[in-house]
Amino acid sequence: MAKQAYHEVMSQFGHRILPDNHPYTQFVARTARRIVQVSGMDDLQWEFHVINSPEPNAFVLPGGKVFVFTGILPIVENEDGMAAVLGHEVAHQLARHSAEKLSFAKIILVVQLTMMLFGIDPSYLFNQLAMNFILTKPFSRKCETEADEIGLQLMAQACYDPHEAVNMWKRMERAGGGDIPQFMSTHPSHKNRITFLEKEMPTALAKRASSDCTTELKNFADMFNSEWARW
3 MAKQAYHEVM SQFGHRILPD NHPYTQFVAR TARRIVQVSG MDDLQWEFHV INSPEPNAFV
63 LPGGKVFVFT GILPIVENED GMAAVLGHEV AHQLARHSAE KLSFAKIILV VQLTMMLFGI
123 DPSYLFNQLA MNFILTKPFS RKCETEADEI GLQLMAQACY DPHEAVNMWK RMERAGGGDI
183 PQFMSTHPSH KNRITFLEKE MPTALAKRAS SDCTTELKNF ADMFNSEWAR W
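In terms of our numbering, the sequence shown opens at residue 3 and continues consecutively.
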């Protein structure tokens, strides 16, 4: 399933992916390496691709395949803002949200089949409207909030400024206009995201303070210079 999704994305966007020596790709890769290093998943075969397209978006596929659209670069503005985005995407992989969503779908299927065995029409409870607004979208928002929390900790541990996660989402809010109501979305609203990140900020700042950032930043620079060829 992961390979199929990857091939589909590459089929759709492959001709727009920037080369490894492009400044945008190097910018993303430089930031990504620091996030991956503190995630404990640096043995995964990570791939970070930059797609030349105006959408302000980024996403991760199972197996550590991350795609960043150039449209989000003016919003992130700097490496700290990029770390907020990449921390969020790496957090999805760390929390195994793709597998969690698949398990959630299987549970719903089992419940539907059980109801049918007892002669109960599952469509009363599991029609498309109910699935979206009562189950699927709230579950997706839960995963997004978890990724926001874990991503904030990752960027802080990697010695990025966690305040920039809040600033990035404020810029995203200004760039995107008005949100649709949260209950209609698979993602938390920008306002709720900002409020949540501000609440988590003391923990993130403590995480950054506990890191030896002077030494770590030198190590990250040395590691990037010596291993850039891998990506």
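Idealized CB from N, CA, C, for every residue including glycine.
For H51, the enclosing beta strand (DSSP E) covers residues 49-53. A60: member of the beta strand (DSSP E) spanning 60-63, first to last residue.
Contact annotation: A86 and E146 have beta-carbon atoms that are not nearer than 7 Å. In this model, L119 and S142 are separated by some 29 Å (Cα to Cα). Taking the CA atoms as reference points, H90 sits about 5 Å from D150. Leaving aside the five residues that flank R210 on each side, the residues in its chain whose CB is nearer than 6 Å to its CB run, in chain order, A158. Here A34 is buried: its Cβ has 16 or more other Cβ atoms, across all protein chains shown, within 10 Å.
For H51, the closest C-alpha among the options E148, C215, H17, A97 is that of H17.
Remark: C-beta atoms of S213 and C161 approach each other more closely than 7 Å. The alpha-carbon of K139 is positioned some 15 Å away from that of N194.
One thing to note: I19 has its Cβ no nearer than 7 Å to the Cβ of M174. The segment 38-50 makes contact with the segment 65-73: 3 or more CB pairs, one atom from each, lie closer than 8 Å. The Cβ neighbour count for R98, taken over all protein chains shown within 10 Å, is under 16; the residue is labelled exposed. When only Cα atoms are considered, T72 and N54 end up about 5 Å apart.
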